[in-house]
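Here the structure comes first, spelled out in structure tokens, and everything after it is commentary.
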Amino acid sequence: MNLEHLSGELRRIESEVSRVLVGQESLVEHVLVGLVARGHVLIEGVPGLGKTLLVRALGRVLGLSFRRIQFTPDLMPSDISGSTLYSQKLGEFSFVPGPVFTELLLADEVNRAPAKTQSALLEAMQERSVTTDGVTRPLSEPFLVLATQNPIESQGTYPLPEAQLDRFLLKLEVGHPSQAAEAQILLNYVAGFDPGELSHLSQVSSQASIVAMQRALGEIRIAREIIDYVTDIVRRTRNHPSVSLGASPRASIGLLNVARAHALWEGRDFVVPDDVKSYAHAVLRHRLQLQPDAELEGITADHCVDSVLRDAVVPKTSA
Amino acid sequence: MSSRAIRAGLVVLLAWLLLSALALAQAADEQPASQLPKASSSSTPQQDAEDAAESSDETDGSHNPFASVPPDSVERSLSRVLSGSGSSFCKAKQAAVRDDPLLCSLSRLSARQRCPGLRQACATPVEQRPAATRSRFRRLATLGDFAFWLVLSGLLVALGLAVRSAFVGAQFTPAAARKRASPSSPETPPAAPQVAETDVARLWSIAQQSASSARFEDAVAALQAELIHALRISGKLHVSPAQTNGDYLRALRPEPSLQGTAREVFRSVEAVQFGGAPASAELYRKLFEHVQPIVVRVLSVLVLCAFGLAQSGCSKPFGADADGGGHGLDVLTQLLREQGTIVRRRIRALNVIEPEVTAILVVGEQPSEAWAKLLEFAAGGGTLVVSEGSDQLAKATHVRYSFAPYQGRLDLPDVVGVEPTRLELSAVARHALELGNSDDAERTFALAGKSVYVAERGYGAGSVLYFGDDEYLSDASLSIGDNAFFSVSLLRREGRVLELVGPWTGGGASSTLASLFKAGLGPLLAQLGLLAVLFGWHGGAAFGLRKDPVVVRRRAFRDHVLALGENYRRARATRFALASYGSWLIERLRERLSPQQPIGLIDLAGRIAARVERPEAELVLLLAEARDAQDDSATARPAPADLNTLEKLETLTVRAGGSK
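Chains as they are written, first to last, in numbering that gives the first Met the number 0: chain A, 0 to 318; chain B, 0 to 659.
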């Protein structure tokens, strides 16, 4: 395993995607880390921030197939997973795969579909396979779901239950780009940039490389102190006074995997406390259920994670 | 202890501190009250009469100062002072004072000796002293001196070597470390520190020790900690147990070079701590080279600060003769106090001289601006006593000091009103006075041969009293002959203030609080004290006490409702609020007015109308409005009408007997 090579490849991917997605370097990094950690990413942000562009650019740069589903209230589970149809020509039933059979899937406004449809996608995310008519069909590797939801609108939506939110490895909050970045976006458009046309992007990676990165995670060393640090953070979320339901053991595993992926991103073959701390918000914020009074007071999950990180002692600290 | 008791105690303590601060500010430049003599303690009826005579004489400027002081009184005071613990020169027969030519010269000048030790030591010729004793003491003294300088030199050399090896040219030798760490080595390496060390110097030492013992993992960790805490001391980092190295690097963003160095150190140490990489001598040396310049910089600043503080804070009061060696002014001070004069050492600057000060004795050199103030004081009616010349003084009073060595008896001119044979004055003089022409009245009190040695000349409304040398007023000089009586007679100020002005004047404060007040920080200190009182009153807990974690309690239901209402207000959800409140109220009214069977809105309105005596149609419309709000609460826009309806519903509920 050549970590430097893999890390360099990840950096090249980020650099190439950033050519069209200006001012969202952190988002690209987080999505790539989520991809390497074999997780799925929930992105919360207002429309128009380039989420679709990100997935399309990623598909182009990574050399992966890309599909997009616009979630609506009348979307059916079979619209995602596919269905078995009778072919008059062949005189037999045949399976028509749904859009979930891809490598990069953008589930746009995932909370606009009812829970039944959401669960069809979430099952595919968790099991990485789809079962229809008793037949289980594995999904391709890698398989990354990027789900988006709008933080403002609440009418006509079906909020994802906690159990389903837990299946997302990361929840990212996308903010507006800086003024300089927005100016650069406009300059790109003036220069003729077309978001529908990404042929000028180079493919700098491949499906095999991504799978190799995912497998390389197993080689990343984790010291016992790091494991204790992770469990300490997660345990503290359960005892936090503003949290009614803390993070699950799945969150601990997720945090550990993400820390490994970030170590790979940094070109290290070992995890340091900073890997854990820098991704704690993204891993934990959607897994915490706050006390009603805390919510009324305007306390957010990020505030709770901040508080937890302020109290958790970093292993082998010099302080 | 209850919080009320703690609070009360805290307030009392702070009030006491504040009062103490104010009191110290008042007394900062004065002697402690306990040292001040009681004005009437040494006075007798006879003295009172003499004082009265003195006062009347002073008015015409021709009084005899020697007539107002009883010689016996001065003699008794002198005996007490010289037998005290502060005059060691007077008692030790083998005292080192025998090697002091001035003291021995003084002791030989007069037959009236009050210090037998000094006289005996000086009277014994060096060659007649017991040879064995002399040689033994000399050898011991020589040996002591040699040992002192040897130890001091050794310490300096050791310090220099330590500095050199630690900070300047430290070279780590892996071979030496392996040798120390070899199994055959009997030396047991010290255990790794279990508690996080935060002292940079100790961390440096730990790193060095660990490296010397070939425990490089501990050594590089100590180096990293040392770097972090050096940056903390220099104010570039805030260090806490919850901070990662990444946090520190982000904090160092404004200084890219420092950030680069720190990043390299952190990455290397993390590879050892978390990545299982071997910690080698090479790694230690590499990190050492990175950390060394930063730490040396910080430590140098610290050492300089400490040195500066030590220099500025540890010196003893200037002018004090703490060892009783005979050259101080302790005897004069105590004699004057016993004779009823309030003597105090002036620490404050001479900007404002208090009106109660009647005489100022100047010791040593003074800056020109001080002389201006002193002469101004004399011109205003005070008595200035000087024992050393200056250009300003000579220019103002036409009295100069000239070099004129003299040793022996002082003569008294007839004009002083004392028989020349009555007083036995002796001095080892170096200077004499040259009294220039002046219209001011002058009196000569003592002559050293043909030269004037002690004289007084008028200056403005006051006068200047000149002594040829300050040694004439020293402890040893006052112990012989009638020097003490002579000096006390001239300087005594019954019940009034004489201040000693010297190099210590204007140079510092007597206490930390006085220093703060002197620096103009008094009001700030008072405000801080007041703030602390308020804080203590509000918090009610002692400072520094460990507290249990704050228990977050659930709020009352009322608070939740208020918070919910506040959220509705913020979201301008008037329709939603009307829908929620209306549906809840209709149900309550139904339960109250028709508990047995459910009724519709019209029947409900009829029953309410019968109870509150209002038109039924109006109530039907009101209830229907509340019910309709439930249907469109999510889509309707905020409207003031909803709030009016809410208010009407509330009024209706109250008139109908409440909601319960």
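Note that beta-carbon positions come from the ideal geometry of N, C-alpha and C, so glycine has one too.
Got a sec, what are the start and stop residues for the alpha helix (DSSP H) residue i sits in?
i, result
"B:P678", "For residue 678 of chain B there is no data in the structure shown, the boundaries of chain B being 0 and 659."
"B:A623", "615-630"
"A:V275", "272-283"
"B:G605", "600-611"
"A:V27", "24-35"
"B:Y567", "556-570"
"A:E122", "114-126"
"A:R148", "The question names Arg, yet the displayed sequence has Gln at residue 148 of chain A. Careful: A:Q148 lies outside any alpha helix (DSSP H), inside the beta strand (DSSP E) at 143-148."
"B:E368", "367-378"
"B:S425", "Not the alpha helix (DSSP H): B:S425 falls in the beta strand (DSSP E), residues 424-434."
"B:L81", "70-82"
Show which residues of chain A have a CB atom less than 8 Å away from the CB atom of residue i.
i, result
"B:A562", "D292, L295, E296"
"B:P240", "V312, V313, T316, A318"
"B:H326", "Within 8 Å Cβ-Cβ: nothing; B:H326 doesn't reach chain A, min ~56 Å."
"B:A220", "K315, S317"
Can you name the residues that DSSP bridges to residue i?
i, result
"A:G81", "A:P96"
"A:V203", "Beta-bridge pairing links A:V203 to no other residue."
"A:Q288", "A:L244"
"B:E498", "B:R343, B:I359"
"A:P137", "A:S128"
"A:Q69", "A:D107"
"A:E91", "A:S86"
"B:Q112", "B:I479"
"A:V40", "A:L145, A:L169"
Using a C-beta cutoff of 9 Å, does residue i count as contacting chain B?
i, result
"A:R220", "yes"
"A:R237", "no"
"A:L254", "no"
"A:L159", "no"
"A:F269", "yes"
"A:L308", "yes"
"A:I79", "no"
"A:R10", "no"
Grab the span of the beta strand (DSSP E) containing residue i for me, first residue to last.
i, result
"B:T340", "It is not in any beta strand (DSSP E) - B:T340 carries neither H nor E in the DSSP assignment."
"B:G461", "461-466"
"A:R267", "A:R267 -> no beta strand (DSSP E), and no H or E assigned at all."
"A:H175", "Looking at the DSSP string, A:H175 is not in any beta strand (DSSP E), and its letter there is neither H nor E."
"B:E493", "Counting along the chain, B:E493 falls outside any beta strand (DSSP E), and DSSP gives it neither H nor E."
"B:Y452", "450-458"
Listing by chain order, which chain A residues have their CB less than 7 Å from the CB of residue i?
i, result
"B:Q207", "Residues of chain A passing the Cβ test: none, with the nearest at roughly 17 Å."
"B:T243", "P272, D273, K276, V313"
"B:E269", "V271"
"B:Q223", "S317"
"B:I227", "S317"
Show which residues of chain B have a CB atom less than 7 Å away from the CB atom of residue i.
i, result
"A:D231", "Those do not exist, as A:D231 stays about 11 Å from chain B at its closest Cβ, beyond 7 Å."
Step through the CB atoms of chain A and report whether any lies within less than 9 Å of the CB of residue i.
i, result
"B:F287", "no"
"B:A210", "no"
"B:D99", "no"
"B:A213", "no"
"B:D246", "yes"
"B:L523", "no"
"B:D558", "yes"
"B:N566", "yes"
For a contact defined as C-beta to C-beta under 7 Å, what are the partners of residue i on chain E?
i, result
"A:I225", "Of the protein chains in this structure, namely A and B, none is chain E."
Q. Three or more C-beta pairs closer than 8 Å, one from the segment 72-88 of chain A and one from the segment 26-33 of chain A: is that the case here?
A. no
On the three-pair Cβ rule with 8 Å, is the segment 269-277 of chain A touching the segment 229-244 of chain B? yes
- prompt: Given 8 Å as the limit, is there contact between the segment 251-261 of chain A and the segment 215-228 of chain A, that is, 3 or more CB pairs closer than that?
  reply: yes
| said: For the pair the segment 232-250 of chain A and the segment 35-42 of chain A, tell me if three or more CB-CB distances fall below 8 Å. | reply: no
Stretch-stretch touch, CB-based, cutoff 8 Å, three pairs: the segment 63-73 of chain A with the segment 18-25 of chain A: no
Looking at C-beta atoms only, is the number of pairs between the segment 426-439 of chain B and the segment 461-473 of chain B that lie closer than 8 Å three or more?
-> yes
*asked:* Taking 8 Å as the cut-off, does the segment 442-459 of chain B touch the segment 402-413 of chain B (at least 3 CB pairs, one atom from each stretch)?
replied: yes
Exercise for the section: Mind the definition here: the segment 488-499 of chain B touches the segment 338-349 of chain B only if three or more C-beta pairs lie below 8 Å; say whether that holds. Expected result: yes
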